[in-house]
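A.B. asks: A single structure is presented below for examination.
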Amino acid sequence: MKTIGIIGAMKDEITPLLQHYKNYTTIKLGKLEFYKITLEKEEKILYITQSKIGKVSAAIAATTLISKYNCQQILFTGVAGANHKDLDIGDLVIGNKLVHHDVDITAFGHPKGHIPEIGIEIDTSEELNKIAESIIKEKNHNYKVGTIATGDQFVHSKEIKEEITNNFNAIAIEMEGVAVAQTCNQLEVPCFILRAISDNANGDAPENFEEFVKQSAIKSSEIIVEMIQLI
Ligand code: SAH
């Protein structure tokens, strides 16, 4: 049996998956919950969890899925703010590289986002990214593959977006991806990060987010469901 871990930060991001699979058992670990799904025919076990928001929460979820539930691949599904002129609400972003936009040890001469012995950019699985891309293409969704910037803040300003563009050339902004990617990278487990755009990380972002989070989260989860059949 192949074991796959799936993380969403918010309820809206994992609910569509639980509704799709229907039959799951809930495993409690402290304050965390893991939803176990056994796909007999496909010979796969899925563990779905809602990490809660932010980098620490996401790292805890990824670490637990890998080291306690022996997940061999980690997929993240959720929403993000867009940081590219060709990306709009509802579009999809595959993060082939993840960066910490809020890590700053420039005082020691390191570039913004650099963590000694880790670097700036953390790669995700090329193989999983290719599979997702072929599914997204087939569905004719507008999408991009590129760098996603993660930090512990909801970005809703032109100035911060510009800074993230100048420092990292990132096309989307969110609050968990790099933590999952870094955990997977250090524990040597393939990682996949998918985001559907919920807002443009600008002044309208809080209102746009509220309006579009649900439908964008559904769009991202639909790709994950198809991926599960292929991986
Ligand atoms: N409205 C929520 C908080 C949402 S925080 C509440 O009050 O509970 C935003 C979440 O969506 C994070 O999980 C983050 O990963 C993602 N996200 C979407 N747009 C974002 C943006 N513009 N900046 C940062 N994260 C964003």
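Throughout the sequence shown, residue numbering follows our numbering, covering 34 to 264 in sequence. Positions of the beta carbon are idealized from the N, C-alpha and C atoms, including for glycine.
Which residues in the same chain have their Cβ closer than 8 angstroms to the Cβ of Leu227, if we skip the five residues on either side of it in sequence?
C.D. replies: Leu108, Phe109, Thr110, Gly111, Leu125, Val126, Ile127, Gly128, Ala165, Ser253, Ile256 and Ile257
A.B. asks: Any heavy atom of the ligand SAH closer than 7 angstroms to the Cβ of His189?
C.D. replies: yes
A.B. asks: Taking Ile230 as the reference, give the member of Glu240, Ile70, Phe245 and Pro223 with the closest Cα.
C.D. replies: Nearest option by C-alpha distance: Phe245.
A.B. asks: Excluding the five sequence neighbours on either side, which residues of its own chain have a C-beta within less than 8 angstroms of the C-beta of Glu66, listed in chain order?
C.D. replies: Thr59, Ile60, Thr82 and Gln83
A.B. asks: Using the C-alpha atoms, what's the distance from Tyr80 back to His53?
C.D. replies: 14 angstroms
A.B. asks: Out of Asn116, Leu120, Leu131 and Asp119, state which residue places its alpha-carbon closest to the alpha-carbon of Lys88.
C.D. replies: Leu131
A.B. asks: Distance, Cα to Cα, Ile25 vs Thr139?
C.D. replies: Examination of residue 25 is not possible in this model, given that the chain is present from 34 through 264 alone.
A.B. asks: The ligand SAH and Tyr114: does any heavy atom of the ligand fall closer than 7 angstroms to the residue's C-beta?
C.D. replies: Checking the sequence, you will find Gly at residue 114 rather than Tyr. Yes, the ligand SAH has a heavy atom inside 7 angstroms of this Cβ.
A.B. asks: Roughly how many angstroms separate the alpha carbons of Leu62 and Thr96, rounded to a whole number?
C.D. replies: 13 angstroms
A.B. asks: Output yes or no for whether 8 angstroms exceeds the beta carbon distance between Leu220 and Ile37.
C.D. replies: Not a contact, by the Cβ cut-off of 8 angstroms.
A.B. asks: Can you tell me whether DSSP reads Glu192 as helix, strand or coil?
C.D. replies: helix
A.B. asks: How would you write the range of the beta strand (DSSP E) that Cys224 sits in, first residue to last?
C.D. replies: Boundaries of the beta strand (DSSP E) harbouring Cys224: Cys224 to Asp232, taken from the DSSP string.
A.B. asks: Is the separation between the beta-carbon of Gly123 and that of Glu207 shorter than 8 angstroms?
C.D. replies: Not in contact: Gly123 and Glu207 (Cβ atoms no closer than 8 angstroms).
A.B. asks: Assuming the contact rule is C-beta atoms closer than 8 angstroms, Glu264 and Gln215 should be a hit. Round their C-beta distance to whole Å, please.
C.D. replies: As written in the sequence, residue 264 is Ile, which differs from the Glu given in the question. The Cβ separation is near 21 angstroms, so there is no contact.
A.B. asks: Kindly indicate which residue of Gln106, Lys194, Asn116 and Lys44 has the alpha-carbon position closest to the one of Ile86.
C.D. replies: Lys44
A.B. asks: Could you give the distance in angstroms between the alpha-carbon of Glu243 and the alpha-carbon of His189?
C.D. replies: 13 angstroms
A.B. asks: Please indicate yes or no: does the CB of Asp232 lie closer than 7 angstroms to some heavy atom of the ligand SAH?
C.D. replies: yes
A.B. asks: Please tell me whether, using a cut-off of 7 angstroms, the distance from the CB of Gly63 to the nearest non-hydrogen atom of the ligand SAH is below it.
C.D. replies: Outside the cutoff, so no.
A.B. asks: Rounded to the nearest angstrom, how far is the Cβ of Tyr57 from that of Ile70, given a contact under 8 angstroms?
C.D. replies: 5 angstroms
A.B. asks: Using a Cβ-Cβ cutoff of less than 7 angstroms, which residues in the same chain neighbour Lys35 once the five nearest sequence positions on both sides are dropped?
C.D. replies: Glu76, Lys77 and Gln105
A.B. asks: How would you write the range of the beta strand (DSSP E) that Thr216 sits in, first residue to last?
C.D. replies: Unbroken run through Thr216 is the alpha helix (DSSP H), Gly210 to Leu220; no beta strand (DSSP E).
A.B. asks: Beta carbon of Glu192: closer than 7 angstroms to some heavy atom of the ligand SAH?
C.D. replies: no
A.B. asks: Assign Thr58 to one of three DSSP states: helix, strand, or coil.
C.D. replies: strand
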